[in-house]
Amino acid sequence: MAQNINFTCYVVKNFTHWYEASEFQRIQTNQATGRAPQYCSQASSLDGYACMQQLAPYFALHWRIGGKISALQDQSDKAHNVAVGEIAFAMMGLTPGWVGLAFAQKQGEMAPADGIIGWLSDGVATVKAYKIHSHTVRLGDEDRTICLRNASATEENGFTTIEFRRLMRAGRVHIHPTKPMFVNFAIGREDGLTNHHHRGRGSVLLSLDSEKSPVHCCAIHASLMLIAWLGLLPLVEYKGKGHLLSVKPCWNVHGTLLP
C-alpha cells in the first residue's frame with residue numbers, strides 16, 4: 001500500500017515547543033555575525049551558505065546562489081562548490097521527523113508545486129523531490145526531473161536539517177532569484193511519507209536574490225493556529241521589520257483539534 005502525507009491542520013494546545021523554537025532561532029539568528037552579500041537581507045548562520053530567512057519560529061531556510069562572488073561565498077566554495085545556475089538550500093525544522101519545502105505556481109496554494117521532503121531514519125538520510133498535485137504526497141509522486149546533489153539529513157538538539165543543491169531551471173516551477181517565489185514549508189512528527197498531522201506549516205512570498213527583506217504571509221489566529229499548506233484565513237503581509245503592507249485572505253484550511 002502506498003504511503004502518503006495527508007495535509008490537514010490542527011490547533012496547538014501546548015505552546016512549549018513554539019516558544020522554545022522561537023528562543024532557539026533568536027539566538028541562532030544573533031549568531032549570524034558575518035557580513036551578508038549584497039543580495040542578502042540577512043547573513044546565514046550555517047557554514048557554506050550566504051543568506052537565511054526565518055520563515056517561522058520552527059522553520060529556518062538557508063541558501064546560496066551559485067555564481068555569486070563574495071568573501072563569504074569564497075569560503076563556502078570548499079564545502080558546496082555551487083556552480084552557476086545552481087542553488088544550495090538548508091532547511092532546518094524543529095522536529096525529529098520530516099522537513100519539507102515547495103515552490104508553488106500560485107500564492108497560497110499547495111498545488112501544483114515542486115517539493116523537497118527529507119528525513120533521517122536510523123542514520124540513513126532520505127531526501128527526494130516530488131511533484132505535488134494535491135493535498136497528499138505519495139511515493140509515486142517522486143520527480144526525477146529535479147536532480148538533487150550533495151543531499152544530506154542531520155538531527156541535533158531536536159532539529160532536523162535537510163541540505164541539497166539543485167539546478168534553478170529544473171522541474172515545473174523554475175526558481176527565479178530576482179523574482180518573488182511562492183514558497184510553502186512544513187514539518188512532520190515522524191520520518192517518511194506517513195499519514196499524520198503536521199506539527200507546523202506555512203507559506204511565504206520570498207525573494208532569494210534581493211537586498212530588500214522578503215514579503216511574508218503570517219497567520220493571524222487567537223490560538224496560534226499552525227496553518228496548512230492550503231487554506232482560507234486572513235493573513236497579514238509584512239515587509240522589513242514589522243511594516244504592515246496589507247491584509248488579505250490566502251488560505252483554505254481544513255482543520256481539526258488535537259485530542
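Oh and the sequence shown: position 209 is 209 in the UniProt record's numbering, straight run, nothing missing. We treat Cβ as the ideally placed atom computed from N, Cα and C, and that holds for glycine. Only a predicted model underlies this, so the values are computations on that prediction, with no experimental measurement involved.
For residue 65, the enclosing beta strand (DSSP E) covers residues 59–65.
Residue 102 and residue 88 do not touch by the CB rule: their CB atoms are close to 17 Å apart, not below 8 Å. In this structure, residue 120 lies away from residue 145, with their beta-carbon atoms at least 8 Å apart. In the DSSP assignment, residue 145 is bridged to no other residue. When the Cα atoms are used, residue 66 and residue 173 turn out to be separated by approximately 18 Å.
Here residue 101 is bridged, per DSSP, to 116, 185. Rounded to whole angstroms, the separation of the alpha carbons of residue 182 and residue 105 is 7 Å. Remark: C-beta atoms of residue 85 and residue 169 approach each other more closely than 8 Å.
Residue 88 is bridged by DSSP to 64, 165. When DSSP states are grouped into helix, strand and coil, residue 208 belongs to the coil group.
With a beta-carbon spacing of about 5 Å, residue 93 and residue 160 fall inside the 8 Å limit used to define contacts. Nearest C-alpha to residue 50 among 64, 124, 157, 132: 64. Of all alpha-carbon atoms in 157, 166, 152, the one lying nearest the alpha-carbon of residue 96 is that of 157.
In this structure, the beta-carbon distance from residue 186 to residue 123 does not fall below 8 Å. A Cβ-Cβ distance of about 21 Å is found for the pair residue 171 and residue 125, leaving them out of contact under the 8 Å criterion.
Between residue 142 and residue 152, the C-beta gap is not smaller than 8 Å, which leaves the two residues out of contact. With contacts defined by Cβ atoms closer than 8 Å, residue 56 and residue 202 form a contacting pair.
It is roughly 20 Å from the alpha-carbon of residue 207 to the alpha-carbon of residue 58. Residues 66 of the same chain have their beta carbon placed closer than 6 Å to that of residue 83, with the five preceding and five following residues left out of the count. Rounded to the nearest whole angstrom, the CA to CA distance from residue 40 to residue 46 is 14 Å.
The continuous beta strand (DSSP E) containing residue 124 extends over residues 124–132. Taken atom to atom, the span from the alpha-carbon of residue 147 to that of residue 115 is near 12 Å. For residue 137, the enclosing beta strand (DSSP E) covers residues 136–138.
With 16 or more other Cβ atoms from the protein chains shown falling within 10 Å of its own Cβ, residue 44 counts as buried. Residue 51 has 43, 63 as its beta-bridge partners, per DSSP. Under DSSP, residue 154 takes part in a beta bridge, and its partners are 161.
Scanning its chain for C-beta atoms nearer than 6 Å, with the 5 sequence neighbours on each side dropped, one finds around residue 91 the residues 61, 99, 101, 162, in chain order.
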